[in-house]
Amino acid sequence: MSIIRYGIIGSGMITHSSADAIQKNDQSQVLAAWDPHKGRKNDLCEKYNIPTAADSAEAVLNNPDIDAIYIAVPNKFHASWAIQAIKAGKHVILDKPFALNIKQAKEVVKAANKSDKIFALGMNQRFVDSCQKIKTLADKGLFGEIYHGKAFWRRRSGIPKLQTWFGNKNLAGGGALLDIGVHLLDLCLYTIGNFEPESVSGVTYTKFGNRGLGEGNWGISDRNPKLKFTVDDFASALIKLKGGASVTLDVTWACHTGNPGMNVELFGTQAGATLYPAQVYRSSDIAEYDVVKDVKADIKYKHCCRFANFTKAILGEEEVCTTIEQSLAVQKILDGIYESCKTGKEVRIKK
Ligand SMILES: NC(=O)c1ccc[n+]([C@@H]2O[C@H](COP(=O)([O-])OP(=O)(O)OC[C@H]3O[C@@H](n4cnc5c(N)ncnc54)[C@H](O)[C@@H]3O)[C@@H](O)[C@H]2O)c1
0 MSIIRYGIIG
10 SGMITHSSAD
20 AIQKNDQSQV
30 LAAWDPHKGR
40 KNDLCEKYNI
50 PTAADSAEAV
60 LNNPDIDAIY
70 IAVPNKFHAS
80 WAIQAIKAGK
90 HVILDKPFAL
100 NIKQAKEVVK
110 AANKSDKIFA
120 LGMNQRFVDS
130 CQKIKTLADK
140 GLFGEIYHGK
150 AFWRRRSGIP
160 KLQTWFGNKN
170 LAGGGALLDI
180 GVHLLDLCLY
190 TIGNFEPESV
200 SGVTYTKFGN
210 RGLGEGNWGI
220 SDRNPKLKFT
230 VDDFASALIK
240 LKGGASVTLD
250 VTWACHTGNP
260 GMNVELFGTQ
270 AGATLYPAQV
280 YRSSDIAEYD
290 VVKDVKADIK
300 YKHCCRFANF
310 TKAILGEEEV
320 CTTIEQSLAV
330 QKILDGIYES
340 CKTGKEVRIK
350 K
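Numbering follows numbering that gives the first Met the number 0, with no gaps: position 5 of the sequence shown is 4.
In structure tokens form, the structure reads like this:
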């Protein structure tokens, strides 16, 4: 059986679960990893049996034994590493968000379009079993016309480690919206099956991180007290899609709420659904209202893993789940929300 050999750029917190997933799959293995921080690089390699803690990124990108590169670095460096990896002739799976903004994302797409290799964002929430079940039912038409999706991720105290790149606009591009909003927005559009936004309006606020409050437990980069908190920790938006459907998105890294958690709710003419857990809601002939808690549906990606999907796509066994066009549409919406917040107006999304 063919094995896809990965190189890794970035050895931060998320790379631990990613390296684990790649190593546990019998169709893939990690050959080398690099990070500018030697200690984090060495820890990762030791923990996940990665044979080479590379001396430079170039040593990973130019290694002829490596087929694919996984990139998980501060957002500012997403586009530049992705372009370098594509130009080095590798398949590339980039962690979210796509880039700091749509301009950078388009530069990546330009490079990807010149390559015969696969480029994709690794949107892990799409592969969660319960999300896949609802996606299957949505594709089968069980919900009728899905006219609205409500996507939210509300954390009470979940700002990634303060005084690191996560909270700094120059390095992160945005805060809660870009960091966790991207997941729920992507998931909502994916289950609805519509990546054609027409307009967005939104607001963002910075109310906790700037006061040194609301820190959670994410991120292993070192603190730098000079890095000011200059991103949003709250965002709320209305997105209108081609054909008339709409999505509301609410995300907070920190806020006072009686209702923390994450979900996507779908509202259809025949039934509604939630993704976490998979539940279906519909009128019933035999009861007042039917809440289906034990949802039965085939799922498309039984491995439930973004890396297994990417590996299989390289091997020609599956289509890559997250297409470049879909990821561009998501980035356009995120950019649009920030613009709408700045101008106070609804923003039309260009094709
Ligand atoms: N898919 C998910 O659910 C998920 C979850 C968390 C983070 N992420 C994404 O993964 C990326 C990394 O996040 P993290 O949580 O691992 O952050 P982290 O702060 O824990 O680690 C970041 C790592 O990047 C390294 N780094 C800094 N500058 C670099 C550069 N120029 N080139 C290469 N490496 C550099 C740092 O030394 C550090 O080890 C971010 O883009 C984040 O949005 C995705």
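C-beta atoms are modelled at their ideal positions from N, C-alpha and C, and glycine is treated no differently. These numbers were taken from a predicted model, which means no experiment stands behind them.
Could you check the C-alpha separation between residue i and residue j for me, to the nearest Å?
i	j	result
Cys304	Ser245	28 Å
Ser27	Thr268	43 Å
Glu345	Leu327	19 Å
Lys132	Ile191	13 Å
Ile298	Val72	31 Å
Lys86	Ala296	41 Å
Phe309	Ser156	33 Å
Asp19	Tyr47	6 Å
His147	His90	35 Å
Asp334	Asp284	45 Å
Pro276	Phe151	14 Å
Glu57	Gly88	12 Å
Val199	Lys149	14 Å
Phe76	Ala270	42 Å
Leu170	Asn74	6 Å
Trp252	Gly11	19 Å
Cys187	Lys225	37 Å
Tyr288	Leu237	29 Å
Gly213	Val108	36 Å
Lys105	Glu195	17 Å
Ser79	Gln278	41 Å
Gly9	Phe228	22 Å
Asn193	Gln22	34 Å
Phe233	Glu338	15 Å
Ile392	Ala98	Residue coverage of the chain in this structure runs from 0 to 350, which leaves residue 392 outside it and unanswerable.
Taking Cβ to Cβ, would you say residue i is nearer than 8 Å to residue j?
i	j	result
Tyr69	Lys134	no
Ile117	Val319	yes
Thr205	Val230	yes
Ala53	Ile92	no
Ile101	Gln330	yes
Gly201	Leu161	no
Arg347	Pro259	no
Thr247	Asn262	no
Ile3	Thr14	no
Asp138	Gly121	no
Phe126	Tyr280	no
Phe165	Asp178	yes
Ser1	Leu265	no
Given a threshold of 16 other Cβ atoms within 10 Å of its Cβ, counted over all protein chains shown, does residue i qualify as buried or as exposed?
i	result
His255	exposed
Asp66	buried
Pro159	buried
Ala286	exposed
Lys241	exposed
Gly140	exposed
Pro96	buried
Asp128	exposed
Gly343	exposed
Leu257	Rather than Leu, the amino acid found at residue 257 in this sequence is Gly. So Gly257 counts as exposed.
Asp34	buried
Gly172	buried
Ser16	exposed
By the DSSP assignment, the alpha helix (DSSP H) with residue i in it spans what residues?
i	result
Phe309	Arg305 to Ile313
Asp289	Counting along the chain, Asp289 falls outside any alpha helix (DSSP H), though it belongs to the beta strand (DSSP E) covering Asp289 to Val291.
Leu136	Asp128 to Lys139
Glu324	Ile323 to Thr342
Just list the residues that DSSP pairs residue i with in beta bridges.
i	result
Thr247	Lys149 and Leu237
His90	Ala67
Ile179	Paired residue(s): none; Ile179 is not in a bridge.
Trp33	Ile8
Ser27	Ile3
Ala52	Ala32
Gly120	It should be noted that the sequence gives Leu, not Gly, for residue 120. Looking at the DSSP assignment, Leu120 forms a beta bridge with Leu93.
Gly201	Ala236
Tyr280	Gly271 and Val290
Glu214	Ile158
Val346	Val199
Leu58	The displayed chain sequence assigns Ala, not Leu, to residue 58. Ala58 is not bridged to any residue.
If you follow the beta strand (DSSP E) that residue i is part of, which residue opens it and which one closes it?
i	result
Val107	Unbroken run through Val107 is the alpha helix (DSSP H), Ile101 to Asn112; no beta strand (DSSP E).
Leu265	Gly260 to Gly267
Ala171	Run containing Ala171: none in the beta strand (DSSP E); it sits in the alpha helix (DSSP H), Lys168 to Ala171.
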